[in-house]
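Asker: Following this message is one structure expressed as structure tokens.
Numbering (our numbering), first residue to last: 1 to 531.
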């Protein structure tokens, strides 16, 4: 039943991969069972009771961020284009100091479960929460689709399971983790997965560099001599040569990181703002180290995989496309044992990330929409019930969408998720914290305009309009819309706020000083009572 693809013999049974996968599932289900006993309230369900340490949360955040797209995708881009493949990892990494310096502390002090709590703190709660929830759900669903399709394809290639079966397995496990274990189970699943992924990537990098006596000159010389593009792989410009596209993509990656709901949600799992800052510091270190490893893995694959017939199809292309470069490299340097370990870790990576995304989506539905819009003042029990129903609904939807989008190019979904986060979530959150004159009207008009324009520009751009809809020429010439949609959001919020002379606007502006004071003088200590 379980046929596992190995790089040496298609169809061989890889016992290591199967056992590693089963052990991970068994351990995480035990964690879920343990966490379920401690998850009896919405506070525990969404924030693990605020009892996660800064170090633990840093590992969990890095686990959330080190998705299969990062591990397989970035190493695959480096394998394809060399140095230029790092544009994504650099963009992701630069987003963390922004979070540390601008967002982490006031977010933790002013919020409860999500960034919408901060945005609605001094604005009209109902419309702002609706917009924030819509922005969060849009980001979560797009990211979920990409992860689910990636999971299905990975398991289909590695384990030989049917695609639909793989989707169902991932969906069911995700629902179990979140429904019963909440944030506590999801956090520990992320921590275990982060440790496994960092350990596995470190081992691959060590074994690769060992073949070159740990000489980076020998290593890069071998890569340059092997790659078809020669020394060009050591220079930028291979992936994105257009400066507008490069700036737009960079903005999406940097500021999108600071607007991802499942990342922002993690700052409420720690006890105070100090631990929130520690979380970012640890996460930045872990993620930075991880991206160095993907760089080595990508160049290692150029040397050891690209010309090895074991890993190439009949037409000379790498088996399973460029995203499988890291998997093939694991086999090249560590045989079936390391291949099995890395394959199981890659699958665990997807499981952990989709769990975090689902929890963020459930929070938007139950906390923002149900408890603060539809049924104002809903009690803890009813919020928990809605959260679990929302989790099940999101899980089923993720399975169905993963099946529907199996044959589609889902790369644009990840880009769109980051673009929406950068164009809607980040500007609203940033300005609500730091700009005194922001008003509800500005947020609703500017935020909606940014969200709609971002989606429209992607649809009218080359990826959807040409590649998917098969039109001859794109109406919007750039693949990445963040430069334009972010500008629309910031301008819209600014213009419609300064022209708002309503009594409500004056009250909202007057509240800024008290908001700032409480954020800086330990509002987090009062939060449990007053929020």
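From the three backbone atoms N, C-alpha and C, an ideal C-beta is built for every residue, glycine too. Since the model is a prediction, treat every value here as computed from it, not as a measurement.
#1: Express the C-alpha separation of residue 264 and residue 115 in angstroms, rounding to a whole number.
#2: Excluding five sequence neighbours on each side, which residues of the same chain lie with their C-beta closer than 8 Å to the C-beta of residue 105?
#3: Keeping to the same chain, check which residues put their C-beta closer than 8 Å to that of residue 359; ignore five residues upstream and five downstream.
#4: Between the C-alpha atoms of residue 233 and residue 79, what's the straight-line distance to the nearest angstrom?
#5: What does a CB cutoff of less than 7 Å around residue 303 pick up in its chain, not counting 5 residues either side in sequence?
#6: Kindly indicate which three-state DSSP category residue 511 falls into: helix, strand or coil?
#7: Mind reading off the beta-carbon distance from residue 549 to residue 270? Whole number of angstroms is fine, and I expect it under 8 Å.
#8: Kindly give me the distance between the Cβ atoms of residue 86 and residue 323, rounded to whole angstroms, as I take these residues to be in contact under 8 Å.
#9: In terms of alpha-carbon separation, which member of 477, 401 and 83 lies closest to residue 239?
#10: Let me make sure I understand the geometry here. Which of 381, 32, 512 and 423 has the alpha-carbon closest to that of residue 180?
#11: Kindly indicate the opening and closing residues of the alpha helix (DSSP H) around residue 19.
#12: Can you find a CB in chain D that lies within less than 8 Å of the CB of residue 511?
#13: Please work out which residues of its chain come closer than 6 Å, Cβ to Cβ, to residue 364, disregarding the five sequence neighbours upstream and downstream, and give them in chain order.
#14: DSSP state of residue 318, grouped into three classes?
#15: Since residue 106 is in the alpha helix (DSSP H), which residue starts that stretch and which ends it?
#16: Which same chain residues, not among the five before or five after residue 373, have their C-beta less than 7 Å away from its C-beta?
#17: Residue range of the alpha helix (DSSP H) that residue 221 falls in?
#18: In its own chain, which residues sit with a C-beta less than 7 Å from the C-beta of residue 530, not counting the 5 before and 5 after it?
#19: Which residue's Cα is closest to the Cα of residue 417: 217, 375 and 251?
#20: Within 10 angstroms of its Cβ, does residue 361 collect 16 or more other Cβ (buried), or is it exposed?
#21: When the Cα atoms are used, what is the spatial distance from residue 286 to residue 340?
#22: Is the separation between the beta-carbon of residue 421 and that of residue 160 shorter than 8 Å?
#23: Pull up the distance between the alpha-carbon of residue 176 and that of residue 201, whole angstroms please.
#24: Enumerate in chain order the residues of its own chain whose CB-to-CB distance from residue 255 is below 6 Å, with the five nearest sequence positions on each side excluded.
#25: Who are the Cβ neighbours of residue 10 in its own chain at under 8 Å, not counting the five residues just before and after it?
#26: By a C-beta neighbour count over all protein chains shown, 10 Å radius and 16 as the cutoff for buried, is residue 15 buried or exposed?
#27: Just to confirm before moving on: does the CB-CB distance between residue 142 and residue 440 stay below 8 Å?
#28: Is the CB-CB distance between residue 352 and residue 342 below 8 Å?
#29: Any idea what DSSP makes of residue 312, helix, strand or coil?
#30: If contacts are defined as beta-carbon pairs under 8 Å, then residue 305 and residue 297 qualify, I think. What distance do you get, rounded to the angstrom?
#31: Return the chain-ordered list of same chain residues with a C-beta closer than 7 Å to the C-beta of residue 355, the five sequence neighbours on each side being excluded.
#32: With distances taken Cα to Cα, identify the nearest neighbour of residue 321 among 281, 475, 301 and 336.
#33: Taking all protein chains shown into account, decide if residue 470 is buried (16 or more other Cβ within 10 angstroms of its Cβ) or exposed.
#34: For the pair the segment 431-440 and the segment 144-158, tell me if three or more CB-CB distances fall below 8 Å.
#35: Taking the C-alpha atoms as reference points, what is the distance between residue 29 and residue 165?
#36: Identify which residue in 393, 118, 475 and 481 has its Cα closest to the Cα of residue 103.
Answerer: So, to answer that:
#1: The residue given as residue 115 occupies position 115 in the chain shown. The residue given as residue 264 occupies position 264 in the chain shown. Near 7 Å, if we compare the C-alpha coordinates of residue 264 and residue 115.
#2: Locating residue 105 in the chain shown gives position 105, counting from the first residue. Counting only Cβ-Cβ distances below 8 Å, and skipping sequence neighbours, we find 273, 276, 277 and 519.
#3: Working through the chain shown from its first residue, we reach residue 359 at position 359. Within the same chain, residue 359 has close Cβ partners 46, 178, 182, 183, 186, 262, 265 and 391.
#4: Looking up residue 233 in the chain shown gives position 233. Looking up residue 79 in the chain shown gives position 79. Distance between the alpha carbons of residue 233 and residue 79 is about 9 Å.
#5: As a first step, residue 303 is located in the chain shown; it is residue number 303 there, counting from the start. Closer than 7 Å at Cβ, skipping near neighbours: 222, 223 and 226.
#6: Position 511 of the chain shown, counted from the first residue, corresponds to residue 511. Coil, per DSSP.
#7: Absent from the model: residue 549. The displayed extent of the chain is 1 to 531, so no value can be given.
#8: Taking the chain shown and counting its residues from 1, one reaches residue 86 at position 86. Taking the chain shown and counting its residues from 1, one reaches residue 323 at position 323. Residue 86 to residue 323, Cβ: 16 Å. No contact.
#9: For the purposes of this step, residue 239 is identified with residue 239 of the chain shown, where counting begins at 1. Residue 239 has its Cα closest to that of 83, out of 477, 401 and 83.
#10: To locate residue 180, count along the chain shown from 1; it is residue 180. Among 381, 32, 512 and 423, the Cα nearest to that of residue 180 is on 32.
#11: Here residue 19 refers to the residue found at position 19 of the chain shown. Start and end: 15-38.
#12: Although the question refers to chain D, the structure presented lacks it and comprises just one protein chain.
#13: Here residue 364 refers to the residue found at position 364 when the chain shown is read from its first residue. Excluding positions up to five away in sequence, the list reads 133, 136 and 137.
#14: Indexing the chain shown from 1 puts residue 318 at position 318. Looking at residue 318 - three-state DSSP - the assignment turns out to be strand.
#15: Against the chain shown, residue 106 aligns to sequence position 106. From DSSP, the alpha helix (DSSP H) with residue 106 extends over 104-110.
#16: For this step, residue 373 is matched to residue 373 along the chain shown. Taken in chain order, the residues that qualify are 126, 129 and 130.
#17: Within the chain shown, the letter at position 221 stands for residue 221. Element bounds for residue 221: 216-226.
#18: Taking the first residue of the chain shown as position 1, residue 530 is located at position 530. Below a pLDDT of 50, predicted positions are generally treated as unreliable, and residue 530, at 39, falls in that range; the measurement from the model is reported next regardless. The answer is none, since no qualifying residue turns up.
#19: Against the chain shown, residue 417 aligns to sequence position 417. Here the closest residue by C-alpha is 251.
#20: For the purposes of this step, residue 361 is taken as residue 361 along the chain shown, with counting starting at 1. Flag for residue 361 reads buried.
#21: In the chain shown, residue 286 corresponds to position 286, counting from 1. In the chain shown, residue 340 corresponds to position 340, counting from 1. Their Cα atoms are separated by approximately 24 Å.
#22: Start at 1 with the first residue of the chain shown, and residue 421 comes out as number 421. Start at 1 with the first residue of the chain shown, and residue 160 comes out as number 160. No.
#23: Within the chain shown, numbered from 1, the residue matching residue 176 stands at position 176. Within the chain shown, numbered from 1, the residue matching residue 201 stands at position 201. Roughly 28 Å separates the two Cα atoms.
#24: For the purposes of this step, residue 255 is identified with residue 255 of the chain shown, where counting begins at 1. So the list reads 422 and 426, once near-sequence residues are dropped.
#25: Against the chain shown, residue 10 aligns to sequence position 10. Model confidence at residue 10 stands at a pLDDT of 41, short of 50, so the residue's coordinates are unreliable; what they give is reported in the following sentence. Same-chain partners within the cutoff: there are none.
#26: For the purposes of this step, residue 15 is taken as residue 15 along the chain shown, with counting starting at 1. Residue 15 should be labelled exposed.
#27: Taking the chain shown and counting its residues from 1, one reaches residue 142 at position 142. Taking the chain shown and counting its residues from 1, one reaches residue 440 at position 440. It is not a contact, given that the beta carbons lie outside the stated cut-off.
#28: Here residue 352 refers to the residue found at position 352 when the chain shown is read from its first residue. Here residue 342 refers to the residue found at position 342 when the chain shown is read from its first residue. Not a contact, by the Cβ cut-off of 8 Å.
#29: For the purposes of this step, residue 312 is taken as the residue at position 312 of the chain shown. Note: residue 312 maps to strand in three-state DSSP.
#30: Indexing the chain shown from 1 puts residue 305 at position 305. Indexing the chain shown from 1 puts residue 297 at position 297. Going by Cβ atoms, the distance from residue 305 to residue 297 rounds to 10 Å, so no, they are not a contact pair.
#31: As a position in the chain shown, residue 355 is number 355, starting the count at 1. Answer for residue 355: 174, 177, 178, 186 and 189, listed in chain order.
#32: Counting from one through the chain shown, the residue named residue 321 turns up at place 321. It is 301 whose Cα lies nearest to the Cα of residue 321.
#33: The count along the chain shown starts at 1 and reaches residue 470 at position 470. Residue 470 should be labelled exposed.
#34: no
#35: Mapped onto the chain shown, residue 29 falls at position 29. Mapped onto the chain shown, residue 165 falls at position 165. Between residue 29 and residue 165, the C-alpha separation is close to 19 Å.
#36: Numbered from 1 along the chain shown, position 103 holds the residue referred to as residue 103. Checking every option, the nearest Cα to that of residue 103 belongs to 118.
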